[in-house]
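Engineer: One structure is given below, represented as structure tokens, and several questions about it will come after.
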Amino acid sequence: MLSRGAASRELPAIVRMVELEVAGLVKQYSPQVTIGPISFEVTEGEFFSLLGPSGCGKTTTLRCIAGFERPSEGRITLSGRRLDDMPPHRRDVGLVFQNYALFPHLTVFENIAFGLRLRRIGRKEVEERVGRMLELVGLPNLAGRYPPQLSGGQQQRIAIARSLVLEPRLLLFDEPLSNLDFKLRVQMRFELRELQRRLGKTSIYVTHDQTEALALSDRIAVLSQGRIEQIGRPSEIYETPETAFVADFIGSSNILDATVQSKSGVGASVRTGSGLELTVPPVVEEIGSRLLILVRPERIRLVDGREEAVSNRITAEIDDLTYLGEDVQLRVTTAPAAKLLVALKSGKGTRELRRGGSIDLAIDPEDIHVLRK
Amino acid sequence: MQRSIDRPLWALFVGPYGVYLVILLVVPLVNIAVYSVYTYSPTKIAVPDLTAANYARLWDAYYIQLFLRTTKLALVTTVICAVLGYPVAYTLARARPALMSLGLFLLVVPLMVSTVIRVFGWVVILGRNGLVNEVLDLLGLEPFRVMYTETAVVIGLVNIFMPFMVLPMMSAIERIPPSFEEAATNLGANWFQMFARVILPLSYPGLVSGSLLVYSVSLSAFVTPVLMGGARIRVIGSQIFDEVLVSFNWPGASSLALVVIAATTMLVLVALRATRAAARLESRQ
Numbered sequence: 302m303l304s305r306g307a308a309s310r311e312l313p314a315i316v317r318m319v320e321l322e323v324a325g326l327v328k329q330y331s332p333q334v335t336i337g338p339i340s341f342e343v344t345e346g347e348f349f350s351l352l353g354p355s356g357c358g359k360t361t362t363l364r365c366i367a368g369f370e371r372p373s374e375g376r377i378t379l380s381g382r383r384l385d386d387m388p389p390h391r392r393d394v395g396l397v398f399q400n401y402a403l404f405p406h407l408t409v410f411e412n413i414a415f416g417l418r419l420r421r422i423g424r425k426e427v428e429e430r431v432g433r434m435l436e437l438v439g440l441p442n443l444a445g446r447y448p449p450q451l452s453g454g455q456q457q458r459i460a461i462a463r464s465l466v467l468e469p470r471l472l473l474f475d476e477p478l479s480n481l482d483f484k485l486r487v488q489m490r491f492e493l494r495e496l497q498r499r500l501g502k503t504s505i506y507v508t509h510d511q512t513e514a515l516a517l518s519d520r521i522a523v524l525s526q527g528r529i530e531q532i533g534r535p536s537e538i539y540e541t542p543e544t545a546f547v548a549d550f551i552g553s554s555n556i557l558d559a560t561v562q563s564k565s566g567v568g569a570s571v572r573t574g575s576g577l578e579l580t581v582p583p584v585v586e587e588i589g590s591r592l593l594i595l596v597r598p599e600r601i602r603l604v605d606g607r608e609e610a611v612s613n614r615i616t617a618e619i620d621d622l623t624y625l626g627e628d629v630q631l632r633v634t635t636a637p638a639a640k641l642l643v644a645l646k647s648g649k650g651t652r653e654l655r656r657g658g659s660i661d662l663a664i665d666p667e668d669i670h671v672l673r674k
Numbered sequence: 336m337q338r339s340i341d342r343p344l345w346a347l348f349v350g351p352y353g354v355y356l357v358i359l360l361v362v363p364l365v366n367i368a369v370y371s372v373y374t375y376s377p378t379k380i381a382v383p384d385l386t387a388a389n390y391a392r393l394w395d396a397y398y399i400q401l402f403l404r405t406t407k408l409a410l411v412t413t414v415i416c417a418v419l420g421y422p423v424a425y426t427l428a429r430a431r432p433a434l435m436s437l438g439l440f441l442l443v444v445p446l447m448v449s450t451v452i453r454v455f456g457w458v459v460i461l462g463r464n465g466l467v468n469e470v471l472d473l474l475g476l477e478p479f480r481v482m483y484t485e486t487a488v489v490i491g492l493v494n495i496f497m498p499f500m501v502l503p504m505m506s507a508i509e510r511i512p513p514s515f516e517e518a519a520t521n522l523g524a525n526w527f528q529m530f531a532r533v534i535l536p537l538s539y540p541g542l543v544s545g546s547l548l549v550y551s552v553s554l555s556a557f558v559t560p561v562l563m564g565g566a567r568i569r570v571i572g573s574q575i576f577d578e579v580l581v582s583f584n585w586p587g588a589s590s591l592a593l594v595v596i597a598a599t600t601m602l603v604l605v606a607l608r609a610t611r612a613a614a615r616l617e618s619r620q
């Protein structure tokens, strides 16, 4: 298992096998409330996240895969086997719950051994496998304790061990870190990533926390209102979002409404609704058509006084300034009344900035991303 | 500081019912205890000559059989209530709120009907010319003689006391998060394995308190056994009733009552201790 995961990671994505396929999944709760259709594929050893606000359908999708919800339409296939007609206890899919769902009347050992006992595995093998799992999650001395005696982080690790010990084909995580405090959450995030890398276990991770999804995932599917908005690697999701929803949901952003003024092979010129004239990368849209452009606050830069021929130079007035140590966050109004969020690295240039003062900014054309409208 | 405020409030809250309990429970119990060692007199009911004869006479085949029969009926009733009640309690505990309210209402409705009326209802259904036998007769089958048997008594008792079993079970099951069931299922348990390994052990305190309630009320029931069991199926309750109101042997009735109370109390204490041990195990911090 371990070597298989390590090997598959070396191969390019195309060569890897599709492990899980969700095709046209629809869950109809009522005529008004429908999730889907949702389709995606997860390759062997991949860490795949479903990211979105509450009610977007991410948990429903996960529960359909685990078998706790019956899809109204669609097909779920795990390594070639149809999953959707199979009862949930036969699916060979491990689920780590948000509240851990450890059995309070059983010791840590018996919790981890629960699934092994159901499979009538001999006493010696049970002891050996549970012991190995406790080592793996770094809690070899807690076998005799009861779950209520453990901290949140320890319970989380036991819950993961309880699923992993059965060596499921697929591991599902339902917001597993959301009940932990901030510091522990960050630490568990690293441990989870490390564990998943080591075991190469195909995993689907549901979260509403974009930082978690960006940090952990090989690929992310961003969901909104029961549909997938975009599937991509974390950097693609952040830097080249395909829809305004994704751009807005991930990170902070300036999304501006704009009209194409002129275009050429190397770029285009647009005018925003608030009157800013900007040079952007080449677009396919016709002159006069409207589109949305995205500018990340940290991609807007301060203009050095000696610079010449700066494209997209903007003079603005500082409405608000928040000093955060590493960064300085600004809300500015540009000369033709456009409001922008700006995040600058603190340093020499930012020391003189004052609320109400004026500031010289620039956006490099390649830092402007054109969204599908 | 805190304590000086707490104490009078505590007395105020518990006091009124405490007085009620003392007057209507403790005083009569002491009275019964006193009567149980008095000597029976056919003319004066009881005379204050201390004796152990009232207890000694209970060591007699008739009374031993009475005890055994009553205990058996109560045990069988408890077991049937537990077996039939568990699925009901589980279903109600996991039902949508509206369905749960409806179920609770239907469950408790029999308690709102007087025992006598309910028992006559059973006579209409199970009697010699009752509904069941009319139908059997129409089908050309042998009549089903169940009235005035131990079976009839158990049927009646289960009907009345089912809510006492289901309610504590239900509140115990309600406290078990549904994710525990899903976790067990996800780890490979089918429904019965899940129930046996997760629901049963975690709702065990509800089973114990339900069983204790049903057992003790079944043990002391007398209207249902008299009306559904008839003269042949005598139980402790009907024996006490007769000794108090028919033969006016109050010392005899008192000794019988005290023995039952002592036996039941002991059982309750043992069971509560067992539950508490289980609860401690669960919430070990």
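In order, the protein sequence lines correspond to chains H and W.
If you're matching positions, the first sequence starts at 302 in my numbering and goes up one per residue.
If you're matching positions, the second sequence starts at 336 in my numbering and goes up one per residue.
For each residue, glycine too, the CB sits at the ideal point set by N, CA and C.
Computed from a predicted model, the values in this text were never measured in an experiment.
Return the Cβ separation of SER647 of chain H and GLU667 of chain H in integer angstroms, given the expectation that the two are a contact with Cβ distance under 8 Å.
Structural biologist: Here the question's residue 647 of chain H lines up with position 346 in the first sequence. Here the question's residue 667 of chain H lines up with position 366 in the first sequence. Not quite, the Cβ-Cβ distance comes to about 24 Å (not below 8 Å), so this is no contact.
Engineer: Looking only at its chain, what residues have a beta carbon closer than 8 Å to the beta carbon of ARG317 of chain H, apart from the 5 residues adjacent to it on each side?
Structural biologist: By 1-based counting over the first sequence, the position of residue 317 of chain H is 16. Excluding residues within five positions, the ones whose Cβ falls inside 8 Å are SER309, THR344, GLU345, GLY346 and GLU347.
Engineer: Decide yes or no for the touch test of the stretch 601-612 of chain W against the stretch 533-553 of chain W: beta carbon pairs closer than 8 Å, at least 3 of them.
Structural biologist: yes
Engineer: Does ALA612 of chain W get closer than 8 Å to chain H when you measure Cβ to Cβ?
Structural biologist: For the purposes of this step, residue 612 of chain W is identified with residue 277 of the second sequence, where counting begins at 1. False, the Cβ-Cβ gap to chain H never drops below 8 Å.
Engineer: I'd like to know if the stretch 399-414 of chain H and the stretch 367-378 of chain H are in contact, where contact means that at least 3 CB-CB pairs between them fall below 8 Å.
Structural biologist: These segments do not touch.
Engineer: Among H:ASN442, H:LEU435, H:THR508 and H:LEU493, which one has its Cα closest to the Cα of LYS362 of chain H?
Structural biologist: For the purposes of this step, residue 362 of chain H is identified with residue 61 of the first sequence, where counting begins at 1. Looking at the sequence shown, residue 362 of chain H is not Lys but Thr. Measuring from the Cα of THR362 of chain H, the nearest candidate turns out to be H:THR508.
Engineer: Might you give, ordered along the chain, the residues of its own chain that have their beta carbon closer than 6 Å to the beta carbon of LEU631 of chain H, omitting 5 neighbours on each side?
Structural biologist: As a working note, residue 631 of chain H is residue 330 in the first sequence. Only ILE619, LEU622 and VAL643 meet the Cβ criterion.
Engineer: Measure the C-alpha to C-alpha separation of GLY453 of chain H and ILE366 of chain H and round it to an integer number of angstroms.
Structural biologist: Here the question's residue 453 of chain H lines up with position 152 in the first sequence. Here the question's residue 366 of chain H lines up with position 65 in the first sequence. Spanning the two alpha carbons is a distance of roughly 26 Å.
Engineer: In terms of DSSP beta bridges, what is GLY533 of chain H paired with?
Structural biologist: One-based indexing of the first sequence puts residue 533 of chain H at position 232. Beta-bridge pairing links GLY533 of chain H to H:ILE521.
Engineer: Is the Cβ of GLY395 of chain H closer than 8 Å to any Cβ of chain W?
Structural biologist: Here residue 395 of chain H is taken as the residue at index 94 of the first sequence, counted from 1. Interface residue, yes.
Engineer: Closest to THR520 of chain W by C-alpha separation, out of H:LEU435, H:GLY574, H:GLU578 and H:ASP393, would be which residue?
Structural biologist: Here residue 520 of chain W corresponds to residue number 185 of the second sequence, with the count starting at 1. Nearest of H:LEU435, H:GLY574, H:GLU578 and H:ASP393 to THR520 of chain W, Cα basis: H:ASP393.
Engineer: Within 8 Å (strictly less), CB to CB, does GLY454 of chain H reach chain W?
Structural biologist: Numbered from 1 along the first sequence, position 153 holds the residue referred to as residue 454 of chain H. Not closer than 8 Å to any Cβ of chain W, the Cβ of GLY454 of chain H fails to qualify, so no.
Engineer: Just to make sure I have the definition right: I need the residues of chain A whose C-beta is within less than 9 Å of the C-beta of ASN400 of chain H. Which are they?
Structural biologist: The chain labelled as chain A is not found among the protein chains of the depicted structure, namely H and W.
Engineer: Strictly below 8 Å CB to CB, what residues from chain H border ASN464 of chain W?
Structural biologist: In the second sequence, the residue the question calls residue 464 of chain W occupies position 129. Within 8 Å Cβ-Cβ: nothing; ASN464 of chain W doesn't reach chain H, min ~50 Å.
Engineer: At the 8 Å Cβ level, is LEU467 of chain H part of the contact set with chain W, yes or no?
Structural biologist: Position 166 of the first sequence, counted from the first residue, corresponds to residue 467 of chain H. Output row for LEU467 of chain H: interface = yes.
Engineer: Return helix, strand or coil for SER309 of chain H, following the three-state DSSP convention.
Structural biologist: In the first sequence, counting from the first residue as 1, residue 309 of chain H sits at position 8. Below a pLDDT of 50, predicted positions are generally treated as unreliable, and SER309 of chain H, at 46, falls in that range; no measurement from the model is reported.
Engineer: Would the beta-carbon of GLU517 of chain W fall within 8 Å of that of PHE369 of chain H?
Structural biologist: On the second sequence, residue 517 of chain W is found 182 positions in, with the first residue counted as 1. On the first sequence, residue 369 of chain H is found 68 positions in, with the first residue counted as 1. Taking 8 Å as the Cβ cut-off, GLU517 of chain W and PHE369 of chain H qualify as a contacting pair.
Engineer: Report the option in H:ILE601, H:PRO469, H:VAL633 and H:ILE459 whose CA atom is closest to the CA atom of HIS390 of chain H.
Structural biologist: Here the question's residue 390 of chain H lines up with position 89 in the first sequence. Residue H:PRO469 holds the alpha-carbon nearest to the alpha-carbon of HIS390 of chain H among H:ILE601, H:PRO469, H:VAL633 and H:ILE459.
Engineer: Can you tell me whether THR633 of chain H is buried or exposed? The criterion is at least 16 other CB atoms within 10 Å of its CB, across all chains shown.
Structural biologist: As a working mapping, residue 633 of chain H is identified with position 332 in the first sequence. Checking the sequence shown, residue 633 of chain H turns out to be Val, not Thr. Counting Cβ neighbours within 10 Å, VAL633 of chain H comes out buried, since at least 16 surround it.
Engineer: Going along chain H in order, which residues have a C-beta closer than 8 Å to the C-beta of GLY523 of chain W?
Structural biologist: Your numbering for residue 523 of chain W matches position 188 in the second sequence. Those are HIS390, ARG391, GLY416, LEU419, ARG420 and LEU467, listed as they occur along chain H.
Engineer: Leaving out the 5 sequence neighbours to the left and right, which residues in its chain are closer than 6 Å to GLY574 of chain H when beta-carbon positions are compared?
Structural biologist: Residue mapping note: residue 574 of chain H aligns to position 273 of the first sequence, counting from 1. Around GLY574 of chain H: ASP558.
Engineer: Please tell me whether VAL671 of chain H and VAL596 of chain H are closer than 8 Å, where the distance is taken between their beta carbons.
Structural biologist: Taking the first sequence and counting its residues from 1, the one referred to as residue 671 of chain H is at position 370. Taking the first sequence and counting its residues from 1, the one referred to as residue 596 of chain H is at position 295. At the C-beta level, VAL671 of chain H and VAL596 of chain H stay beyond 8 Å of one another.
Engineer: From the DSSP output, which residues share a beta bridge with LYS244 of chain H?
Structural biologist: Since the displayed chain H opens at 302 and closes at 674, residue 244 of chain H lies outside it and no answer follows.
Engineer: For the alpha helix (DSSP H) containing GLN488 of chain H, name the first residue and the last one.
Structural biologist: Taking the first residue of the first sequence as 1, we reach residue 488 of chain H at position 187. That run of the alpha helix (DSSP H) goes 483-500.
Engineer: On the criterion of 16 or more Cβ atoms from any shown chain inside 10 Å, does PRO535 of chain H qualify as buried, or is it exposed?
Structural biologist: Taking the first sequence and counting its residues from 1, the one referred to as residue 535 of chain H is at position 234. Burial of PRO535 of chain H is indicated by the presence of at least 16 other C-beta atoms within 10 angstroms of its C-beta.
Engineer: Hey, how far is the Cα of ALA610 of chain H from the Cα of MET489 of chain H?
Structural biologist: Start at 1 with the first residue of the first sequence, and residue 610 of chain H comes out as number 309. Start at 1 with the first residue of the first sequence, and residue 489 of chain H comes out as number 188. The straight-line gap from Cα to Cα measures roughly 48 Å.
Engineer: Pull up the distance between the alpha-carbon of LEU515 of chain H and that of ILE415 of chain W, whole angstroms please.
Structural biologist: Stepping through the first sequence from its first residue, residue 515 of chain H is reached at position 214. Stepping through the second sequence from its first residue, residue 415 of chain W is reached at position 80. Their Cα atoms are separated by approximately 57 Å.
Engineer: According to DSSP, is ASN555 of chain H helix, strand or coil?
Structural biologist: Counted from its first residue, the first sequence places residue 555 of chain H at position 254. In this structure, ASN555 of chain H counts as strand in the three-state DSSP scheme.
Engineer: Do you know offhand how far ALA381 of chain W's Cα is from GLU469 of chain W's?
Structural biologist: Sequence index remark: in the second sequence, residue 381 of chain W carries index 46 (1-based). Sequence index remark: in the second sequence, residue 469 of chain W carries index 134 (1-based). Cα-Cα distance, rounded: 50 Å.
Engineer: Can you tell me whether ASP395 of chain W is helix, strand or coil according to DSSP?
Structural biologist: Working through the second sequence from its first residue, we reach residue 395 of chain W at position 60. ASP395 of chain W: coil per DSSP, three-state reduction.
Engineer: Report the residue from H:VAL409, H:THR541 and H:THR616 whose alpha carbon sits nearest the alpha carbon of GLY576 of chain H.
Structural biologist: The residue labelled residue 576 of chain H in the question sits at position 275 within the first sequence. Nearest of H:VAL409, H:THR541 and H:THR616 to GLY576 of chain H, Cα basis: H:THR616.
Engineer: On a Cα-Cα basis, can you pick out the residue from W:LEU562, W:ALA507, W:GLY523 and W:VAL595 that is closest to GLY420 of chain W?
Structural biologist: The residue given as residue 420 of chain W occupies position 85 in the second sequence. Out of W:LEU562, W:ALA507, W:GLY523 and W:VAL595, W:ALA507 has the C-alpha closest to the C-alpha of GLY420 of chain W.
Engineer: Within 10 Å of its beta-carbon, does THR600 of chain W have 16 or more other beta-carbons around it, so buried, or fewer, so exposed?
Structural biologist: What you label residue 600 of chain W is simply residue 265 of the second sequence in a count that begins at 1. Its Cβ having fewer than 16 others within 10 Å, THR600 of chain W is exposed.
Engineer: Give the secondary structure of LYS646 of chain H by DSSP, where H, G and I count as helix, E and B as strand, and everything else as coil.
Structural biologist: By 1-based counting over the first sequence, the position of residue 646 of chain H is 345. Strand at LYS646 of chain H.
Engineer: If we ignore side chains and look at the alpha-carbon of each, how far apart do VAL603 of chain W and ILE596 of chain W end up?
Structural biologist: What you label residue 603 of chain W is simply residue 268 of the second sequence in a count that begins at 1. What you label residue 596 of chain W is simply residue 261 of the second sequence in a count that begins at 1. Rounded to the nearest angstrom, the two C-alpha atoms are 10 Å apart.
Engineer: By the three-class DSSP mapping on this structure, what secondary structure does ILE568 of chain W have?
Structural biologist: If you number the second sequence from 1, residue 568 of chain W lands on position 233. Correct three-state label for ILE568 of chain W: coil.
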